[in-house]
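Trainee: Before I ask anything, here is the structure I am working with.
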Amino acid sequence: MSNVYSVGNNRQLIIYAAGSNIFLRIAHFGGLERPIVLATDYNHGLNECVYNDTLYYTYISTDNSLHIKNIMESQSIYTVSGNNIPELYNPSICVCNHSLLLFYLKNNPLLKHLCLHCLSFGDIHNCTEAFPVPLPSCVTDISDYHIFKAGNTLFLYVNNRMFFIEEIGHIKEMRLVSEIKENDNNKNKLAACQAKINEQAAVINSIRLQYDELMNVASQYREEALKWRSKFM
Numbered sequence: 522m523s524n525v526y527s528v529g530n531n532r533q534l535i536i537y538a539a540g541s542n543i544f545l546r547i548a549h550f551g552g553l554e555r556p557i558v559l560a561t562d563y564n565h566g567l568n569e570c571v572y573n574d575t576l577y578y579t580y581i582s583t584d585n586s587l588h589i590k591n592i593m594e595s596q597s598i599y600t601v602s603g604n605n606i607p608e609l610y611n612p613s614i615c616v617c618n619h620s621l622l623l624f625y626l627k628n629n630p631l632l633k634h635l636c637l638h639c640l641s642f643g644d645i646h647n648c649t650e651a652f653p654v655p656l657p658s659c660v661t662d663i664s665d666y667h668i669f670k671a672g673n674t675l676f677l678y679v680n681n682r683m684f685f686i687e688e689i690g691h692i693k694e695m696r697l698v699s700e701i702k703e704n705d706n707n708k709n710k711l712a713a714c715q716a717k718i719n720e721q722a723a724v725i726n727s728i729r730l731q732y733d734e735l736m737n738v739a740s741q742y743r744e745e746a747l748k749w750r751s752k753f754m
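This is the structure in structure tokens:
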């Protein structure tokens with residue numbers, strides 16, 4: 522699978538993986554140039570984005586490490602070291618507020634499940650410094666996640682919950698349509714129950730009034746009966 526990006530001077534960059542290699546091809550009005558080999562240690566997880574008019578990409582290498590590179594440099598500009606046991610999965614690179622963000626899944630051997638991590642690079646030319654980005658607590662035990670971008674906003678979908686990121690370090694949860702509908706249905710059911718309760722309360726109040734009236738009449742009859750009895754005794 523290949524992805525195409527437009528980067529200045531009416532050029533289109535085509536990046537794709539084949540076997541253990543990552544290739545780049547440049548398309549322009551003159552045609553399609555020959556493939557350029559960007560990496561020879563590809564294992565899985567190729568993902569890309571355009572940042573400052575340069576194509577950056579990330580992937581998991583054959584030694585289970587995670588790399589960030591750009592098409593202008595052959596060396597990695599940032600690496601998350603791996604080990605003999607695969608523990609890094611599904612890297613995703615994107616831009617938020619003019620900063621580069623890296624998301625990836627990492628296996629936690631103690632808890633025996635995957636956790637989502639996010640790193641921010643304020644200065645991509647100095648990627649030796651990466652800053653952890655706080656994420657919601659629900660990302661500590663997941664199997665996968667998805668990142669979407671609309672304008673300057675990133676959307677993170679994880680564990681059937683949607684979060685949006687407009688500023689690094691500030692992640693807010695979106696109420697899903699299904700949740701809104703469920704809440705509306707619950708409100709309608711609650712309103713119907715309240716109406717039924719009010720109706721039953723009105724019936725009970727009416728019965729109580731009739732009972733009090735009957736007891737009052739009965740008391741009057743009893744008093745009259747006692748008067749008549751006292752006259753003839």
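If you read the sequence shown in this note's numbering, its first letter stands for residue 522, the second for the next number, and so on.
Even glycine gets a Cβ: it sits at the ideal position worked out from N, Cα and C.
(1) If you draw a straight line from the alpha carbon of Leu637 to that of Tyr610, how long is it in whole angstroms?
(2) Look at His607 and Asn585 and say whether their C-beta atoms are less than 9 Å apart.
(3) Taking just the CA atoms, how far does Cys659 sit from Phe684?
(4) Between the Cα of Ser664 and the Cα atoms of Asn680, Thr674 and Phe652, which residue gives the shortest distance?
(5) For Ile598 and Thr661, I'd like the C-alpha separation in whole angstroms.
(6) Alpha carbon to alpha carbon, how far is Cys615 from Lys670?
(7) Among Tyr732, Asn524 and Leu626, which has the Cα closest to the Cα of Glu569?
(8) What residues are listed by DSSP as bridge partners for Cys636?
(9) Per the DSSP calculation, Val616 is bridged to which residue(s)?
(10) Taking 9 Å as the cut-off, decide whether the C-beta atoms of Val571 and Tyr563 are in contact.
(11) Identify every residue that forms a DSSP beta bridge with Gln533.
(12) Tell me whether Leu656 sits in a helix, a strand or coil according to DSSP, three-state version.
(13) DSSP state of Tyr580, grouped into three classes?
(14) Work out the CA separation of Asp733 and Lys708 for me, nearest whole Å.
(15) Around the Cβ of Ser582, are there at least 16 other Cβ atoms within 10 angstroms (buried) or fewer (exposed)?
(16) Given a cut-off of 9 Å on the beta-carbon distance, is the pair Ile536 and Leu559 in contact?
(17) At which residues does the beta strand (DSSP E) containing Ile663 begin and terminate?
(18) Does the separation of the CB atoms of Glu687 and Cys617 fall below 9 Å?
(19) Identify, in the order they occur along the chain, each residue of the same chain with its Cβ nearer than 7 Å to the Cβ of Asn531, setting aside the five sequence neighbours on each side.
(20) Mind checking whether Leu677 and Ile692 have CB atoms under 9 Å apart?
(21) Report the rounded CA-to-CA distance for Ala722 versus Ala713, giving the unit in angstroms.
(22) Taking the beta strand (DSSP E) that Glu554 belongs to, which residues open and close that run?
(23) Identify the continuous beta strand (DSSP E) that holds Thr600 and give its terminal residues.
Mentor: Looking at the coordinates:
(1) On the sequence shown, position 116 is the one that residue 637 refers to. On the sequence shown, position 89 is the one that residue 610 refers to. The straight-line gap from Cα to Cα measures roughly 10 Å.
(2) Position 86 of the sequence shown, counting from 1, holds the residue named residue 607. Position 64 of the sequence shown, counting from 1, holds the residue named residue 585. A quick correction: the sequence has Pro, not His, at residue 607. It is a contact, given that the beta carbons lie within the stated cut-off.
(3) Here the question's residue 684 lines up with position 163 in the sequence shown. Here the question's residue 659 lines up with position 138 in the sequence shown. Each residue's alpha carbon lies about 11 Å from the other.
(4) In the sequence shown, counting from the first residue as 1, residue 664 sits at position 143. Here the closest residue by C-alpha is Asn680.
(5) Within the sequence shown, the letter at position 77 stands for residue 598. Within the sequence shown, the letter at position 140 stands for residue 661. Straight-line Cα distance between these residues: approximately 27 Å.
(6) For the purposes of this step, residue 615 is taken as residue 94 along the sequence shown, with counting starting at 1. For the purposes of this step, residue 670 is taken as residue 149 along the sequence shown, with counting starting at 1. Between Cys615 and Lys670, the C-alpha separation is close to 8 Å.
(7) Taking the first residue of the sequence shown as position 1, residue 569 is located at position 48. Of the candidates Tyr732, Asn524 and Leu626, the one whose C-alpha sits nearest the C-alpha of Glu569 is Asn524.
(8) On the sequence shown, residue 636 is found 115 positions in, with the first residue counted as 1. In the DSSP output, where bridge partners are listed per residue, Cys636 has Lys627.
(9) One-based indexing of the sequence shown puts residue 616 at position 95. Its beta-bridge partners are Leu621.
(10) On the sequence shown, position 50 is the one that residue 571 refers to. On the sequence shown, position 42 is the one that residue 563 refers to. Tyr563 is positioned such that its CB atom lies no closer than 9 Å to that of Val571.
(11) The count along the sequence shown starts at 1 and reaches residue 533 at position 12. Paired residue(s): Ser527 and Ala548.
(12) Here residue 656 refers to the residue found at position 135 when the sequence shown is read from its first residue. Coil, per DSSP.
(13) On the sequence shown, residue 580 is found 59 positions in, with the first residue counted as 1. Three-state DSSP puts Tyr580 in a strand.
(14) As a working note, residue 708 is residue 187 in the sequence shown. As a working note, residue 733 is residue 212 in the sequence shown. If I take the Cα positions, the gap works out to 37 Å.
(15) Translated into positions along the sequence shown, residue 582 becomes position 61. Buried, because 16 or more other Cβ atoms sit within 10 Å of the Cβ of Ser582.
(16) Working through the sequence shown from its first residue, we reach residue 536 at position 15. Working through the sequence shown from its first residue, we reach residue 559 at position 38. The beta carbons of Ile536 and Leu559 sit closer together than 9 Å.
(17) Numbered from 1 along the sequence shown, position 142 holds the residue referred to as residue 663. In this chain, Ile663 is not harboured by any beta strand (DSSP E), its DSSP state being neither H nor E.
(18) One-based indexing of the sequence shown puts residue 687 at position 166. One-based indexing of the sequence shown puts residue 617 at position 96. The answer is yes: Cβ separation under 9 Å.
(19) Taking the first residue of the sequence shown as 1, we reach residue 531 at position 10. Same-chain partners within the cutoff: His549 and Phe550.
(20) Mapped onto the sequence shown, residue 677 falls at position 156. Mapped onto the sequence shown, residue 692 falls at position 171. Yes, these two residues count as a Cβ contact at 9 Å.
(21) Counted from its first residue, the sequence shown places residue 722 at position 201. Counted from its first residue, the sequence shown places residue 713 at position 192. Roughly 14 Å between the two C-alpha positions.
(22) What you label residue 554 is simply residue 33 of the sequence shown in a count that begins at 1. Premise fails: Glu554 is in no beta strand (DSSP E) and is neither H nor E.
(23) Here residue 600 refers to the residue found at position 79 of the sequence shown. Per DSSP, Thr600 belongs to the beta strand (DSSP E) from Tyr599 to Val601.
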